[in-house]
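S.K.:
Chains as they are written, first to last, in the working numbering: chain A, 1 to 654; chain B, 1001 to 1654.
(1) Spatial neighbours of residue 1152(B) within its chain, please: CB distance less than 6 Å, with the 5 preceding and 5 following residues excluded, ordered by chain position.
(2) Closer than 9 Å by beta-carbon distance: list the chain B residues that pair up with residue 389(A), in chain order.
(3) Buried or exposed: where does residue 1301(B) fall if 16 or more other Cβ atoms within 10 Å of its Cβ makes it buried?
(4) Whose Cβ in chain B lies nearer than 7 Å to the Cβ of residue 655(A)?
(5) Rounded to whole angstroms, what is the Cα-Cα separation between residue 590(A) and residue 648(A)?
(6) Short check: CB of residue 465(A) to CB of residue 500(A), under 8 Å?
(7) Just the Cα atoms here: how many angstroms apart are residue 1225(B) and residue 1296(B)?
(8) Strictly below 7 Å CB to CB, what residues from chain A border residue 1110(B)?
(9) Quick check: residue 1421(B) and residue 49(A), are their CB atoms within less than 8 Å of each other?
(10) Starting from the beta carbon of residue 1448(B), find every residue of chain A whose beta carbon is closer than 8 Å, and list them in chain order.
(11) Between 1332(B), 1039(B), 1284(B), 1354(B), which has its C-alpha nearest residue 1246(B)'s C-alpha?
(12) In or out: residue 1071(B) buried (at least 16 other Cβ within 10 Å) or exposed?
(13) Alpha carbon to alpha carbon, what distance is there between residue 130(A) and residue 1211(B)?
(14) What residues from the region 1316-1349 of chain B come within 7 Å of chain A, judged by C-beta to C-beta, listed N to C?
(15) Below 7 Å on C-beta distance, what does residue 79(A) contact in chain B?
(16) Would you list the one or two residues that DSSP bridges to residue 1632(B)?
(17) Which residues in the same chain have their Cβ closer than 7 Å to the Cβ of residue 1551(B), if we skip the five residues on either side of it in sequence?
(18) So residue 1374(B) is in the alpha helix (DSSP H); what residue range does that whole segment cover?
(19) Hey, would you say residue 523(A) sits closer than 8 Å to residue 511(A), going by beta carbons?
(20) Going by DSSP, what residue range makes up the beta strand (DSSP E) through residue 1069(B)?
(21) Pick helix, strand or coil for residue 485(A), following the three-state DSSP scheme.
(22) Could you name the residues of the same chain whose beta carbon sits closer than 6 Å to that of residue 1476(B), not counting the 5 residues immediately before and after it, in chain order?
(23) So is residue 1115(B) in contact with chain C if we call contact Cβ pairs under 8 Å?
(24) Bridge partners for residue 401(A) per DSSP, in chain order?
(25) What's the gap between the Cα of residue 401(A) and the Cα of residue 1445(B)?
(26) Less than 8 Å separating the beta-carbons of residue 570(A) and residue 601(A)?
(27) Quick one: is residue 1188(B) buried, meaning 16 or more other Cβ sit within 10 Å of its Cβ, or exposed?
(28) Skipping 5 residues on each side, what residues in its chain have a beta carbon closer than 7 Å to that of residue 1621(B)?
(29) For residue 1056(B), which beta-bridge partners are listed by DSSP?
(30) Mind checking who residue 580(A) pairs with in its DSSP beta bridge?
(31) What span of residues does the alpha helix (DSSP H) with residue 1192(B) cover, start to end?
(32) If you check the beta carbons only, do residue 84(A) and residue 35(A) fall under 8 Å apart?
(33) Could you tell me which chain B residues have their CB closer than 7 Å to the CB of residue 45(A), listed as they occur along the chain?
(34) Helix, strand or coil: which one does DSSP assign to residue 726(A)?
(35) Can you look up residue 1161(B) in the DSSP assignment and give me helix, strand or coil?
(36) Kindly list, in the order they appear in chain A, the residues whose Cβ is closer than 8 Å to that of residue 1481(B).
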């Protein structure tokens, strides 16, 4: 197509098309998730009608950039293309693909097959026309080189010399560089949410600051928490997550074990946020001051860790907003403020916020300002309480707004709810999500659920964060359970998921007493309603196992992402076997799901998933016990005594 | 949310969202394909945050309609919804989904769980507010009914009576009908290309009219074709497809067996379209007149069949357009018109059309007018020659334009090319597509390919039409092959695909002589370049088998679509077993892929795919041989002698 014709093509659609772009979430409506410093591989189908060759380019730009960087994609055959770029900073990146007919290469390909000299000479003139189009867009040395090429193709009579000219790859690369591109097709811009590595690989430790004091009976403070940081860092955690640290409401305060009326001295639930001392940007006076908090945040950073805040957008009746912004709350027909309820249950110590209030813009801004306040205090990780009870549009807006100023902000969605709702929250921006791991116990349950999490399309946006317990959930299988069961669930969480957490010290001390055995997942004497004193010096503490597991996680890149997770067959319902891989780093876990009895199994390894040949000989080194075994081929034997260890966590040395 | 607040919500996004809409092709960019009179089932995820109940509606409209019909969707649990509508006419239909929070049902659900009478009374007032919103939008009897309900909820003091009022399903259905809907979310409109049933279920018979004369040496005419119609109808075909019927170019005409220079009396290829007698809207004088053609079209319709035209957008050098519209063709640098070529091969009897010419609007319109011309002559099926060498945008535009005036038009894409290109053509509107069946021979090849065709997402838009041969393709496995091989390939095509065709009488007469054995798929003495005389009375003709297979197809709805295709294991590499189902109609085919030897196998039936219980006893009735056998459970035995029959084509009687 020559220039004059191109000028007249008007709204004639480009010949080339692009389909099947990856990564994409809902055709580009939402961002795929990636990590700073790791190449983003983009693939697509790009093609035109007929036999013309096409050329695809990948454009990308970082947060706030207007200009695109551009590179040629690699042709994989069968109309498939691949390209990649490595985001160097966190934030919202974008990529876009273009595809166009490569008239120059199409001409060269046909030209090489021509035999008749007269035909060769005539076809060379067509090549000259194509080169002239590039020449018109080139300058300087490029222009001279293209002019020379064009002259040869235009005037040379010797077919052999013409053929030689057509094979000048350098000159034709130049011609392609300057070729007209007005008839190319372009995709929409696909967003990629690029986060720091902690968004994918993180070990969380939740603790109540008020129970951090070493002395029974004394209310803990930030200073007490700071004194515990060395110990938590030694256990290998990355993120210390604190339940809400704000003033706790006094009106309708709940007592110990959630009884409706508090007794004198009852401290209330930290999630009943707000009192006369202030609301979501204030600090509970008994914990310390903002200066103490800053000191704690710095203290965590000094130890290579960070503090995560709890974002719970609800208020106690005496939260200052209730008086200052009555329009942010629903009213009952009798004029009273609507409390939280799940009929016939009433939660009169909590007022939900009305996100659809007529004054929603001011409300949303105020909520944004809460998060921004703590982000400015150096907090970069936020665990969001019950995000599924607030509008989707709010979270999508809030997270984008906060990330614009604070691109390192990580948001963990505590939404234990229906799967579609959990996925939607992940799509719209949450970095990580709580999962159903908490209730997945059997071999088929674990296999099915983690295969889905790691292999479904949702892995582009849904990053699981697995918790064996939380302050709200002492699952039935942990109620009155043995330390072996606690070891087992801990080991599963730490090796199945690159992000996991425990609520401690309850977990490592195997706190197993339910308030209502078998009918509720509440802890007896729950820390949610009282100050606890934990005997962390208990020799039965699982802290050594926690420490060992986190050390393995920190040393092995295989455990730092989830996409490579593969399950291997075993001939026992009790032995679960799975592996993860990162390059030549391979972890193979064989877990005994029976906490009561020794179990053994023949394992049938999927050697391809491990990147090993069928008849491979290799060593498996148990990172928990320190023992090594020579293994060979697919079939190998394991035996596990739950009294000694829940699992082999092998590194595979090929 | 009350009205005053809603009025102020401004651009506050709706709470509810919709995801995962089916059927959709590329997120609604292209139309899914369906058939007139058959319900279109639409599914989606529709949900909001929190625990509010939602309500999804399905809207749809037919071609040219401005208003949507609307119906409530059925809730399937787990945030899934289903609805369906039945298109009553062919054309481009659209559907759209809405989802909104159902405040009324959410209120009723919570209300039913309230116990405390004071709480019940207060909550009833909230219900009254919701009913008032509906009341404001209702009139007549609805208004009166809602007013009464509102009064009860507002003023009644007796909790039992309030509970009874809240359980009045009829009144609340009215309230829901009139509830405000300004905060609902809506999807884009998803297109569905609705075609007549022949677009999915059709048996094609291709013949060259010029060979239709009964007398050796005489050029056939439309009248001769008409005389053959009874016989073709008796064989059970639906569509008689004629290669181009236009004047054949004389300039550079090719001779028999495609030799470069024609001899006197050589008739040329019908695909070299155009001569002094006219172009794409003219009729080759030796075939007859337009009146004869009209008579033929009517004759086919009288017999329940139809004539398909060949649309080949290319011209012979003496096509009138070459002189009238020189700008529609590319020029070589010496000023000559660019002929078709695949260097070093030249096809100087064919000029491609330049679809990207500066005059493309006039050109495209002229090409459209060609199709429209024949559509006005009553032709409703078009087999398009090499659509993959013309721009995608052209076909998308052309097919939509033609269908607007002629919604019954069926387009068959003859694109034997790369898979992505074939799929793109199907997406943009072709009703059916030629396939790789022509070259899929072994059990794994057939199983993989047909599983993909019938089960992949592409089944929403790609409808296979399977041909064992074409005038261009005598595949290697049919070259010098026995009648048993011809019977085998015919049986596979007719039972694997709801649309299939043969090029006859070459096929039923087992024409097996290649021009260049093993190196080309061209027939010896190809009908493309000469008039043939076929001995249709040959007692070895496969016409009886063709007749039987088409009769089975016409009698069994199971064979009239592809989505239910399922393969069943057998313990022989030679025995292929598959089934199709439509309600209680079940066809089970067991095919011997070895045309030389008797083969037997144990078949391991997937009884679930057949809709049968695991221990079912049933009768299989061979529709080819007439024999019946009692079968039981999964494992059953078959033995097939290729000298007698290529297959059992069982109907399964449970």
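Think of the CB as a built atom: it goes at the ideal place given N, C-alpha and C, for glycine as much as any other residue.
M.R.: For this structure:
(1) Within the second chain, residue 1152(B) is the residue found at index 152, counting from 1. The beta carbon of residue 1152(B) sits closer than 6 Å to the beta carbons of 1165 from its chain, once the five residues preceding and following it are set aside; these are given in chain order.
(2) On the first chain, residue 389(A) is found 389 positions in, with the first residue counted as 1. Going along chain B in sequence order, the residues near residue 389(A) (Cβ under 9 Å) are 1049, 1050, 1051.
(3) As a working note, residue 1301(B) is residue 301 in the second chain. The residue in question, residue 1301(B), is exposed, as its Cβ has fewer than 16 Cβ neighbours within 10 Å.
(4) Nothing can be reported for residue 655(A): it is not among the residues displayed for chain A, which extend from 1 to 654.
(5) The residue labelled residue 590(A) in the question sits at position 590 within the first chain. The residue labelled residue 648(A) in the question sits at position 648 within the first chain. Those two C-alpha atoms are separated by around 5 Å.
(6) Residue mapping note: residue 465(A) aligns to position 465 of the first chain, counting from 1. Residue mapping note: residue 500(A) aligns to position 500 of the first chain, counting from 1. Taking 8 Å as the cut-off, the beta carbon of residue 465(A) is found closer than this to the beta carbon of residue 500(A).
(7) To locate residue 1225(B), count along the second chain from 1; it is residue 225. To locate residue 1296(B), count along the second chain from 1; it is residue 296. Residue 1225(B) and residue 1296(B): Cα-Cα distance of roughly 8 Å.
(8) Residue numbering aside, residue 1110(B) sits at position 110 when the second chain is read from its first letter. Ordered by position in chain A, the residues that pass the 7 Å Cβ test against residue 1110(B) are 343.
(9) As a working note, residue 1421(B) is residue 421 in the second chain. As a working note, residue 49(A) is residue 49 in the first chain. In contact: residue 1421(B) and residue 49(A) (Cβ atoms closer than 8 Å).
(10) Here residue 1448(B) is taken as the residue at index 448 of the second chain, counted from 1. Neighbourhood of residue 1448(B) in chain A, by CB distance below 8 Å: empty, with the nearest CB roughly 16 Å away.
(11) Here the question's residue 1246(B) lines up with position 246 in the second chain. Ranking 1332(B), 1039(B), 1284(B), 1354(B) by Cα distance to residue 1246(B) puts 1284(B) first.
(12) Position 71 of the second chain, counted from the first residue, corresponds to residue 1071(B). Residue 1071(B) comes out exposed.
(13) Position 211 of the second chain holds residue 1211(B). Position 130 of the first chain holds residue 130(A). Approximately 46 Å between the Cα atoms of the pair.
(14) 1332, 1333, 1334, 1343, 1344
(15) Position 79 of the first chain, counting from 1, holds the residue named residue 79(A). By Cβ distance, chain B contributes 1418, 1420.
(16) Sequence index remark: in the second chain, residue 1632(B) carries index 632 (1-based). Per DSSP, 1617(B).
(17) Position 551 of the second chain, counted from the first residue, corresponds to residue 1551(B). Within the same chain, residue 1551(B) has close Cβ partners 1236.
(18) Here residue 1374(B) refers to the residue found at position 374 when the second chain is read from its first residue. Note, residue 1374(B): alpha helix (DSSP H), 1360-1376.
(19) As a first step, residue 523(A) must be located in the first chain, where it is residue number 523. As a first step, residue 511(A) must be located in the first chain, where it is residue number 511. The answer is yes: Cβ separation under 8 Å.
(20) Reading the second chain from its first residue, position 69 is the one you call residue 1069(B). Residue 1069(B) -> beta strand (DSSP E) spans 1069-1072.
(21) Stepping through the first chain from its first residue, residue 485(A) is reached at position 485. Three-state DSSP puts residue 485(A) in a helix.
(22) Against the second chain, residue 1476(B) aligns to sequence position 476. Closer than 6 Å at Cβ, skipping near neighbours: no residue.
(23) Among the protein chains in the structure shown, which are A and B, there is no chain C.
(24) Against the first chain, residue 401(A) aligns to sequence position 401. None; residue 401(A) has no bridge partner.
(25) Looking up residue 401(A) in the first chain gives position 401. Looking up residue 1445(B) in the second chain gives position 445. In a straight line, the C-alpha of residue 401(A) is about 53 Å away from that of residue 1445(B).
(26) Here residue 570(A) is taken as the residue at index 570 of the first chain, counted from 1. Here residue 601(A) is taken as the residue at index 601 of the first chain, counted from 1. Going by C-beta atoms, residue 570(A) is nearer than 8 Å to residue 601(A).
(27) On the second chain, residue 1188(B) is found 188 positions in, with the first residue counted as 1. The residue is exposed, with fewer than 16 neighbouring Cβ atoms inside 10 Å.
(28) Walking along the second chain from the start, residue 1621(B) turns up at place 621. For residue 1621(B), where only same-chain residues beyond five positions count, the Cβ hits under 7 Å are 1628, 1650, 1651, 1653.
(29) Locating residue 1056(B) in the second chain gives position 56, where the first residue counts as 1. In the DSSP output, where bridge partners are listed per residue, residue 1056(B) has 1099(B).
(30) Position 580 of the first chain, counted from the start, is the residue given in the question as residue 580(A). Partner(s): 587(A).
(31) The residue labelled residue 1192(B) in the question sits at position 192 within the second chain. No alpha helix (DSSP H) contains residue 1192(B), which is instead part of the beta strand (DSSP E) from 1190-1195.
(32) Here residue 84(A) refers to the residue found at position 84 when the first chain is read from its first residue. Here residue 35(A) refers to the residue found at position 35 when the first chain is read from its first residue. It is not a contact, given that the beta carbons lie outside the stated cut-off.
(33) Against the first chain, residue 45(A) aligns to sequence position 45. Those are 1420, listed as they occur along chain B.
(34) Any property of residue 726(A) remains undetermined from this structure, which presents chain A solely from 1 to 654.
(35) Counting from one through the second chain, the residue named residue 1161(B) turns up at place 161. Helix.
(36) Here residue 1481(B) refers to the residue found at position 481 when the second chain is read from its first residue. Here the premise fails: no neighbours, minimum Cβ distance about 30 Å.
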